[in-house]
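Here the protein sequences line up with chains U and C, keeping their order. Residue numbers for the first sequence follow the UniProt record's numbering, so the first one is 1 and each next one is one higher. Residue numbers for the second sequence follow the UniProt record's numbering, so the first one is 1 and each next one is one higher. In what follows, a structure is listed as structure tokens, so that the remarks can point back to it.
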Amino acid sequence: MSESLRYIQAVNAALTWALDSRTDTIYFGEDVALPGGPFGATKGLHKRFGSERIFDTPISETGFLGMALGAAMTGLRPIAEIMYADFSFVAMDQIVNQIATVHYSSAGRWKAPLVIRMQQGYSPGACAQHSHSPEAYFAHTPGLRVALPATPDDAYQMLRTAVVSDDPVVVAEARMLYPTRGPVRTDAPVEPVGGARVVRPGADVTVVAWSRMVSAALDAAGTLAEEGVDVEVVDLRWLNPLDFDTVAASIARTGRLVVAHEANLTGGFGAEIAARAAAECFADLRAPIARVATPDVPMPAAPALQAVVVPEAATVAEAVRRTVRA
Amino acid sequence: MGQLDDYRLMARIRRFEERLTALKDAGEIPGSIHLCNGQEAVPVGACRALRDGDHVTATYRGHGWAIARGVDLTGLFAEMMGRDSALCGGRAASPYLSDPGRWFVGENSIVGAGVPIATGAALTAQRTGSGAVSVVTIGDGAMNQGNVHEALNLAAVLDLPLVLVVENNVYSEMSRISDMVRVRQLAERAAGYGLPGRVVDGNDPDAVAEAVTEAVDRAREGSGPSIVEAMTERLVGHYSGDAQHYRPTGEIAAAREREPLARIRRAADADLTARLDAIDAEVSAEIETAVTAARAVPYPDPATAEEHVYV
Numbered sequence: 001m002s003e004s005l006r007y008i009q010a011v012n013a014a015l016t017w018a019l020d021s022r023t024d025t026i027y028f029g030e031d032v033a034l035p036g037g038p039f040g041a042t043k044g045l046h047k048r049f050g051s052e053r054i055f056d057t058p059i060s061e062t063g064f065l066g067m068a069l070g071a072a073m074t075g076l077r078p079i080a081e082i083m084y085a086d087f088s089f090v091a092m093d094q095i096v097n098q099i100a101t102v103h104y105s106s107a108g109r110w111k112a113p114l115v116i117r118m119q120q121g122y123s124p125g126a127c128a129q130h131s132h133s134p135e136a137y138f139a140h141t142p143g144l145r146v147a148l149p150a151t152p153d154d155a156y157q158m159l160r161t162a163v164v165s166d167d168p169v170v171v172a173e174a175r176m177l178y179p180t181r182g183p184v185r186t187d188a189p190v191e192p193v194g195g196a197r198v199v200r201p202g203a204d205v206t207v208v209a210w211s212r213m214v215s216a217a218l219d220a221a222g223t224l225a226e227e228g229v230d231v232e233v234v235d236l237r238w239l240n241p242l243d244f245d246t247v248a249a250s251i252a253r254t255g256r257l258v259v260a261h262e263a264n265l266t267g268g269f270g271a272e273i274a275a276r277a278a279a280e281c282f283a284d285l286r287a288p289i290a291r292v293a294t295p296d297v298p299m300p301a302a303p304a305l306q307a308v309v310v311p312e313a314a315t316v317a318e319a320v321r322r323t324v325r326a
Numbered sequence: 001m002g003q004l005d006d007y008r009l010m011a012r013i014r015r016f017e018e019r020l021t022a023l024k025d026a027g028e029i030p031g032s033i034h035l036c037n038g039q040e041a042v043p044v045g046a047c048r049a050l051r052d053g054d055h056v057t058a059t060y061r062g063h064g065w066a067i068a069r070g071v072d073l074t075g076l077f078a079e080m081m082g083r084d085s086a087l088c089g090g091r092a093a094s095p096y097l098s099d100p101g102r103w104f105v106g107e108n109s110i111v112g113a114g115v116p117i118a119t120g121a122a123l124t125a126q127r128t129g130s131g132a133v134s135v136v137t138i139g140d141g142a143m144n145q146g147n148v149h150e151a152l153n154l155a156a157v158l159d160l161p162l163v164l165v166v167e168n169n170v171y172s173e174m175s176r177i178s179d180m181v182r183v184r185q186l187a188e189r190a191a192g193y194g195l196p197g198r199v200v201d202g203n204d205p206d207a208v209a210e211a212v213t214e215a216v217d218r219a220r221e222g223s224g225p226s227i228v229e230a231m232t233e234r235l236v237g238h239y240s241g242d243a244q245h246y247r248p249t250g251e252i253a254a255a256r257e258r259e260p261l262a263r264i265r266r267a268a269d270a271d272l273t274a275r276l277d278a279i280d281a282e283v284s285a286e287i288e289t290a291v292t293a294a295r296a297v298p299y300p301d302p303a304t305a306e307e308h309v310y311v
């Protein structure tokens, strides 16, 4: 069974599934219960499940992420919402020093089955403190799983996967994708963690993207097809666990690699993909690897400035053209 | 629990820390250690208020809490020796060890970070109706961390069964706490969270037990968190290599007059002194047995260094 849902509705459906099917789940964050969340992700959940299962917290990201950890260690399966991914920086100690390390540092005796749900990326007029794409920080941290759903279906499937995972999972959605609509397989079995996906086969060049840049890459592929360039698009989906095999297999077919993300260039996860490709796919590469990213500037708020820094389909297309010509 | 039981447990903690220092000096303990010599009455008194299933979260100065909670001595020594201990397999060592089997959520090397985590253990207790409480200990310096502030307010508004025990040992690491706050007692801050706060003699296990029991009872009946500030003194440095030149001459000597074991001994008659001597001998033997057993624990297999990152 498949329903046509907007991305944000798919998130809501996954959370409904979680609270309905698993009595050990509990949901909290800022303005998530009575207000239903600033984007409606938790709309109706408080009415249905009550304050025992979903409640509002003070504006205290460190406090409630630490609370999520302690609750997860002692038997619950918390889903904590960070309203904007930018606010996760307030709580980096709990994420990096505590949540990510407790399983390893206890030789596996404690588990931290929790989800940190957030949304990220720019939107018109949003300033530098509401526009970060921090996925590389989390992917850099051993112990965390990192999910970046690019479609309504993945918003549903990957969030459910995160909920049942016994490892802590950061699920970073893209705010700009919330209004997008697509088929959602609401009766699909819960998928295992991980797995990249070839979302458009092509022969000439591989574009690896995630989150919002997947649709930008697909748009670019459409444009380039008219120019005679056949682009393969890989939606990486999970940065951890990283399915590099799917990327390597694609490079083996195309011989060229472009990596596209909205996060800043330097130290972005594209650098990791490029390094792995250089190390493991050297013989298959026929052109230098290209990276598409926001240049190394804090995100400006003015749309006129955002337009020249935020990567879009045209940015990806231009990088592909350079790569194919090289 | 009587005075002799308290003495035995406090002596066990003291002897553990002293033996650990010797092992450190002998090169058997890699990394830095933070000792609680002089502060033993706080964990011993507080743990008297607890039962099985109650969680304890501590700091890197938490060996005493682990011991008071019944964590295995051999496991503690082996863990700190960097061996493949049954506690954390050598992955945590002195400042970050834990033991789920004894509901010891663990120490923490980040000042104040255990308070939000302990708040989560309290949330589980509340939501599952287990009747358990979550006790978290921090030092005086941690009261200036934002994580403590956030967690206390969070626990307060959720009426969680949390008890915060602040061990005020005068020093915020290597700086006097009186230079770092503008309140006379840290428990005064409880009012800012709408919580009860009490100051007790942290060198008296009975005083600590009485105050923590009151707080635990309140938590168990669903009336929310409390703060207990236990006034004590550190007989040793902040960490194993701390020369303590920042402490005034005579301060540690004076503290030795007030510390909990000396206090019991000073008030003891000949008969009690003999019994205390016997306890000391038993504790020393017990500690030596644990050290010997810990030395027999193998070092972790290097091939396992990347195990347990994920479930």
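We treat Cβ as the ideally placed atom computed from N, Cα and C, and that holds for glycine.
In the three-state reduction of the DSSP assignment, PHE55/U falls in the strand class.
Listed along chain U is no residue with a C-beta nearer than 7 Å to that of GLU173/C; the closest approach is about 17 Å. Among the residues of the stretch 66–80 of chain U, those with a Cβ less than 8 Å away from any Cβ of chain C are GLY66, MET67, ALA68, LEU69, GLY70, ALA71, ALA72, MET73, THR74, GLY75, LEU76 and PRO78, in the order of the chain.
Residue contact check for ALA118/C against chain U: a CB pair falls below 8 Å. Secondary structure note for ASP301/C: it is in no alpha helix (DSSP H), with a DSSP letter that is neither H nor E. The DSSP assignment places complete beta strand (DSSP E) segments of no fewer than 3 residues inside the stretch 35–95 of chain C at 55–57, in order along the chain.
Between LEU235/C and ILE252/C, the alpha-carbon positions lie close to 6 Å from each other.
The beta-carbon of SER88/U is placed no less than 8 Å from the nearest beta-carbon of chain C. For a cut-off of 8 Å, the C-beta gap from VAL297/C to GLU167/C is around 30 Å, too long to register as a contact. Look at TRP110/U: its C-beta is under 8 Å from a C-beta on chain C. The alpha-carbon of ASP179/C is positioned some 21 Å away from that of GLY202/C. Using a Cβ distance threshold of 8 Å, ALA263/U and SER123/U do not count as a contacting pair. For LEU50/C, there are no C-beta contacts with chain U under 8 Å, since the nearest C-beta of that chain is about 15 Å from it.
The Cβ atoms of ALA151/C and THR128/C lie no closer than 8 Å to each other. Annotation: the continuous beta strand (DSSP E) that includes SER134/C extends over 134–139. For GLY270/U, the three-state secondary structure derived from DSSP is helix. For the set SER226/C, ALA66/C, GLY250/C and SER175/C, the Cα lying nearest the Cα of GLY192/C is the one of SER226/C. Secondary structure note for LEU164/C: its beta strand (DSSP E) is the uninterrupted segment 162–168. Secondary structure note for PHE64/U: its alpha helix (DSSP H) is the uninterrupted segment 61–73. Annotation for GLY197/C: no alpha helix (DSSP H) segment contains it, though the beta strand (DSSP E) segment containing it runs 197–201.
Boundaries of the alpha helix (DSSP H) around GLN306/U: 303–309. In this structure, DSSP gives THR294/U an extended state, which the three-state scheme calls strand. With fewer than 16 other beta carbons inside 10 angstroms of its own, GLU221/C counts as exposed. Any Cβ of chain C closer than 8 Å to the Cβ of GLY29/U would place that residue at the interface, and such an atom is absent.
In this structure GLY2/C is exposed. Its beta-carbon is surrounded by fewer than 16 other beta-carbon atoms within 10 angstroms. In the structure shown, MET10/C falls within a helical segment according to DSSP collapsed to helix, strand and coil. When DSSP assignments are scanned along the stretch 99–180 of chain U, the uninterrupted stretches of alpha helix (DSSP H) that are 4 or more residues long and fall wholly within it turn out to be 102–105, 135–139 and 152–164. Taking 8 Å as the upper bound on Cβ-Cβ separation, chain U lies near no residue of the stretch 208–226 of chain C. When only Cα atoms are considered, PRO35/U and PRO300/U end up about 29 Å apart. In this structure, GLU18/C and HIS63/C do not form a Cβ contact; the two beta carbons are roughly 11 Å apart against a cut-off of 8 Å. As DSSP reads the structure, ARG77/U sits in a beta bridge with THR25/U. ASN264/U is bridged by DSSP to THR294/U. Three or more pairs of CB atoms, one per stretch, sit closer than 8 Å, so the stretch 23–36 of chain C contacts the stretch 67–84 of chain C. Put simply, the backbone Cα of ALA277/U is about 52 Å away from that of ASP159/C. Taking each of GLU280/U, LEU257/U, ASP166/U and PHE282/U in turn and checking the Cα distance to GLY270/U, the smallest one comes out for LEU257/U.
Chain-ordered listing is empty here: chain U has no CB closer than 7 Å to the CB of VAL228/C, the nearest sitting near 20 Å.
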